[in-house]
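J.:
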Amino acid sequence: MKKTSDEIDLHGLRVDEALILVDKFLHQSFMAGAYRVWIIHGKGTGVLRSAVRRHLTKHPLVRRCSTADGNRGGIGATQVDLAN
């Protein structure tokens, strides 16, 4: 797992492993005052992308999520706007 201040890379992880790391990443990002972060899940079969997005839509720290811009990974990444 590669993690930087504004993104986390979930390549190669199972859904259950990935969601635990997403929760930690979102909490750390929120506490650091970030308002936008990116979750890199890859294109693959779409299983991880779907699970992550489902999880994000119910997450209390997430205001909005969408497919990242092409320069940030396109369908292989999700842009997340955090709650204020």
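In our numbering, the protein residues as written are 6 to 89.
Quick reminder that beta carbons are idealized off the backbone N, C-alpha and C, glycines included.
#1: In chain order, which beta strand (DSSP E) runs of at least 3 residues are fully inside the region 32 to 87?
#2: Exposed or buried, which one is His-46 when buried takes at least 16 other CB atoms within 10 Å?
#3: Look up Asp-14 in the DSSP assignment and say whether it is helix, strand or coil.
#4: Determine, for Glu-22, whether the minimum Cβ-Cβ distance to residues of chain B falls below 9 Å.
#5: Suppose contacts are defined by Cβ-Cβ distances below 9 Å. Is Arg-41 in contact with Asp-11 by that definition?
#6: Is it right to say Arg-54 is buried, meaning 16 or more other beta carbons lie within 10 angstroms of its own, or is it exposed?
T.: The answer reads as follows:
#1: Positions of the beta strand (DSSP E) runs, each at least 3 residues long and wholly inside the region 32 to 87, are given as 41 to 45, 67 to 72 and 82 to 87 in order along the chain.
#2: In the sequence shown, counting from the first residue as 1, residue 46 sits at position 41. Buried: at least 16 other Cβ atoms inside 10 Å.
#3: Within the sequence shown, the letter at position 9 stands for residue 14. Asp-14 carries a strand assignment under DSSP once its states are collapsed to helix, strand and coil.
#4: No chain B is part of this structure, which consists of one protein chain only.
#5: Locating residue 41 in the sequence shown gives position 36, where the first residue counts as 1. Locating residue 11 in the sequence shown gives position 6, where the first residue counts as 1. A contact, by the Cβ cut-off of 9 Å.
#6: Translated into the one-based positions of the sequence shown, residue 54 becomes position 49. Flag for Arg-54 reads buried.
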